[in-house]
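Listed in order, the protein sequences are those of chains H and L. The working numbering puts the first residue of the first sequence at 1, with every later residue one more than the last. The working numbering puts the first residue of the second sequence at 1001, with every later residue one more than the last. Glycine included, each C-beta is placed from N, C-alpha and C at the ideal position. All figures in this text were calculated on a predicted structure; none of them were measured in a lab.
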Amino acid sequence: MTDTGPDCLVVHAHPDPASYSAALRDRAVAALERNGHTVAVIDLYHPGYRPAMSADEHEHYYSIGLDHPDAATAEHIRLLRSARTIVFVYPTWWSGLPAVMKGWLDRTLLPEVAFKLSPGAGGKDVVRPGLDHVTRLVGITTYGSARNEVRLLGDAGRRTITRTVRLVCARRCRTTWLGLHRLDTSTPAERSRFLEEVDATLGRL
Amino acid sequence: MNTLVVISHPKPTSLTRAAADRVLAGLARTDQEVRVLDLDRMGFDPVLRLEEVRGHLGEPEDRPDLVEHLDALRWCDRLVLVYPTWFSGQPAMLKGWFDRVWMHRVAFELPDGSARIRGTLQRIRRIDVVTSHGSSRRVNLVQGNSGRLRVNRTLRILCARTCITRWRAIYDIDNKDRAAIESWLDGLESAFSQPPRLVPALRLPWPGGPRGGP
């Protein structure tokens, strides 16, 4: 953990700069800043960001996080080290994160960055959290499906953040989930109410 | 039976690649017709593009760069996914294959006036997943198994109503010895050399089924 650098990290994935998802991101950033936080934003649809792990990255998976050769990923790792709050803003596609954001988890949440492997009982490796300075995870997403359908399908994207990523954060890390359902048939009033909800919730963090 | 095998791993020497080879060796001993999409080797671009999001109800003909993938998905009756589980789910490469290739008119359609999509992959009667997990079965349960839920629920409901899924996973691979891995690989080859178990299509007392579907 480092004390210098932004204490909030907002990770966003949507190809359209004029999308509702981008509006959610801007609202989240504004609310956090109003509350005195310093915020860094990672926009994964920045041209040139490559989400798929390369063969070389896989080959050096256990050590590459210490000195990452890819400049963008090295910068993302630096931002992770100072973050106390991580906010994910994305549209839910096939019950989960867009590939570009899933790839960000795969390539950035590396050993020695997001988790540490140490020898445990019986010679087995034990995984310990590496983001133990992260005390809050927030997900802000839009769903095409209705709330009960999302529940039936298991909400895999939410699980990925609030369970899998949560497990490498601080023991007392809290999670906050904000979702707008049935985006395609939502009314402008519903969308603007959801923006207000994002504003109010993040303004309290 | 038409079987589509989709492979995702960046490294040629990986366990996933070895598993895929054994799956294909098994399939070669059956009378199934097999097509392979080896995403990393093909240099597949997993990032859904701006024009694809804006035209998400577009036609498959609008995506000439995906023609091989779209044809294969529409052609198959059995889908076999071979990949490593990373952060509880499919690698970005495979997630992006779902995002881009499981598109309107191929995997789903949105009937007029409805807010709910309807699956159009009624051909697919079986999905097999071959995957490796770094962590144990217990840890996977705590982590939420999101990759498994995506296949067994979200993707399966776009396929035949009687489509079954079969999960062939190896857990805790970093603590497994060579013999355990070999025995898993042998098991794969022998399982895939058998004729796949299918659930017969539902025979309903009225034509078209309860939703009057295709």
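Problem set entry | Under 8 Å from the C-beta of L:T1120: neighbouring residues of chain H | Mapped onto the second sequence, residue 1120 of chain L falls at position 120. Those within 8 Å of L:T1120 in chain H number zero; the least Cβ separation is about 15 Å.
Exercise. Among L:I1127, L:R1035, L:D1065, L:D1172, which has the Cα closest to the Cα of H:K124?
Worked result: Residue mapping note: residue 124 of chain H aligns to position 124 of the first sequence, counting from 1. Of the candidates L:I1127, L:R1035, L:D1065, L:D1172, the one whose C-alpha sits nearest the C-alpha of H:K124 is L:D1172.
For this session: Quick one: measure Cβ to Cβ for H:L178 and H:T201, integer angstroms, because I've assumed they're closer than 8 Å.
Result: Counting from 1 along the first sequence, the entry for residue 178 of chain H is found at position 178. Counting from 1 along the first sequence, the entry for residue 201 of chain H is found at position 201. Confirmed, Cβ separation roughly 6 Å.
Problem set entry | Alpha-carbon spacing of H:I77 relative to L:I1124, whole angstroms | Position 77 of the first sequence, counting from 1, holds the residue named residue 77 of chain H. Position 124 of the second sequence, counting from 1, holds the residue named residue 1124 of chain L. Going from the Cα of H:I77 to the Cα of L:I1124 covers about 41 Å.
For this session: Starting from L:E1033, trace the beta strand (DSSP E) both ways and give me its first and last residue.
Result: Here residue 1033 of chain L corresponds to residue number 33 of the second sequence, with the count starting at 1. Unbroken beta strand (DSSP E) run through L:E1033: 1033-1038.
Exercise. If you measure from the beta carbon of H:V198 to each beta carbon in chain L, is any gap under 8 Å?
Worked result: Taking the first residue of the first sequence as 1, we reach residue 198 of chain H at position 198. No, no contact with chain L.
For this session: Measuring only between beta-carbons, confirm whether H:K124 sits less than 8 Å from chain L.
Result: Translated into the one-based positions of the first sequence, residue 124 of chain H becomes position 124. Closer than 8 Å to some Cβ of chain L, the Cβ of H:K124 qualifies, so yes.
Exercise. Can you give the beta carbon distance from L:T1165 to L:V1129, rounded, assuming they're within the 8 Å contact cut?
Worked result: Start at 1 with the first residue of the second sequence, and residue 1165 of chain L comes out as number 165. Start at 1 with the first residue of the second sequence, and residue 1129 of chain L comes out as number 129. Contact flag correct, Cβ pair sits at about 7 Å.
Problem set entry | Cβ neighbours of L:A1025 in the same chain (closer than 7 Å, five flanking residues each side left out) | On the second sequence, residue 1025 of chain L is found 25 positions in, with the first residue counted as 1. If we look at L:A1025 and ignore the five residues flanking it on each side, its Cβ neighbours are E1189.
For this session: Compute the Euclidean distance between the alpha carbons of H:A71 and L:A1019, then round it to the nearest angstrom.
Result: Your numbering for residue 71 of chain H matches position 71 in the first sequence. Your numbering for residue 1019 of chain L matches position 19 in the second sequence. Their backbone Cα atoms lie some 33 Å apart in a straight line.
For this session: Could you pull out every residue in the same chain whose Cβ sits closer than 7 Å to the Cβ of H:L294, ignoring the five residues on either side in sequence?
Result: Given a span of 1 to 205 for chain H in the structure shown, any question on residue 294 of chain H remains unanswerable.
Exercise. Can you tell me where the alpha helix (DSSP H) with L:G1147 in it begins and where it stops?
Worked result: Numbered from 1 along the second sequence, position 147 holds the residue referred to as residue 1147 of chain L. Taken as a continuous stretch (DSSP letters only), the alpha helix (DSSP H) holding L:G1147 covers 1146-1149.
For this session: Return the first residue and the last residue of the alpha helix (DSSP H) that L:V1140 is part of.
Result: Position 140 of the second sequence, counted from the start, is the residue given in the question as residue 1140 of chain L. Inspection of the sequence shows that residue 1140 of chain L is occupied by Asn rather than by Val. Here the alpha helix (DSSP H) through L:N1140 covers 1137-1143.
Exercise. What residues in the segment 1091-1107 of chain L bring their beta carbon closer than 7 Å to a beta carbon of chain H?
Worked result: P1091, A1092, M1093, K1095, G1096, F1098, D1099, W1102
For this session: Name, going along the chain, the residues of the segment 34-59 of chain H whose beta-carbon falls closer than 7 Å to a beta-carbon of chain L.
Result: P51, A52, M53, S54, A55, H58, E59
Exercise. Buried or exposed: L:W1167, going by 16 or more other Cβ atoms within 10 Å of its Cβ?
Worked result: For the purposes of this step, residue 1167 of chain L is identified with residue 167 of the second sequence, where counting begins at 1. Under this definition L:W1167 is an exposed residue.
Exercise. Is it true that the CB of H:H37 sits closer than 8 Å to the CB of H:R25?
Worked result: Taking the first residue of the first sequence as position 1, residue 25 of chain H is located at position 25. Taking the first residue of the first sequence as position 1, residue 37 of chain H is located at position 37. Contact: no.
Exercise. Can you give, in chain order, each stretch of the beta strand (DSSP E) that sits fully within the segment 1079-1148 of chain L and has at least 3 residues?
Worked result: 1126-1133
For this session: Identify whether H:D94 lies in helix, strand or coil by the three-state DSSP scheme.
Result: Your numbering for residue 94 of chain H matches position 94 in the first sequence. Note on residue identity: the sequence assigns Trp, not Asp, to residue 94 of chain H. In the structure shown, H:W94 sits in coil (DSSP, three-state: anything other than H, G, I, E or B).
Exercise. For H:T141 versus H:G157, is the C-beta distance shorter than 8 Å?
Worked result: For this step, residue 141 of chain H is matched to residue 141 along the first sequence. For this step, residue 157 of chain H is matched to residue 157 along the first sequence. Yes, these two residues count as a Cβ contact at 8 Å.
Exercise. Can you tell which of L:V1036, L:F1087, L:T1013 has its C-alpha closest to the C-alpha of L:H1069?
Worked result: Counting from 1 along the second sequence, the entry for residue 1069 of chain L is found at position 69. Checked all of L:V1036, L:F1087, L:T1013; the closest Cα to L:H1069 is L:V1036.
For this session: From the DSSP output, in three-state form, read off H:K116 for me.
Result: In the first sequence, residue 116 of chain H corresponds to position 116, counting from 1. Strand, per DSSP.
Problem set entry | Span separating the alpha-carbon of L:G1213 from that of L:G1058 | For this step, residue 1213 of chain L is matched to residue 213 along the second sequence. For this step, residue 1058 of chain L is matched to residue 58 along the second sequence. With a pLDDT of only 48 at L:G1213, under 50, the local geometry of the prediction cannot be trusted, and the value read off the model is given with reservation. Their Cα atoms are separated by approximately 21 Å.
For this session: Please name the residue, chosen from L:F1087, L:A1028, L:R1029, L:T1162, that lies closest to L:V1142 on a Cα-to-Cα basis.
Result: Against the second sequence, residue 1142 of chain L aligns to sequence position 142. Residue L:F1087 is the option with its Cα nearest to L:V1142.
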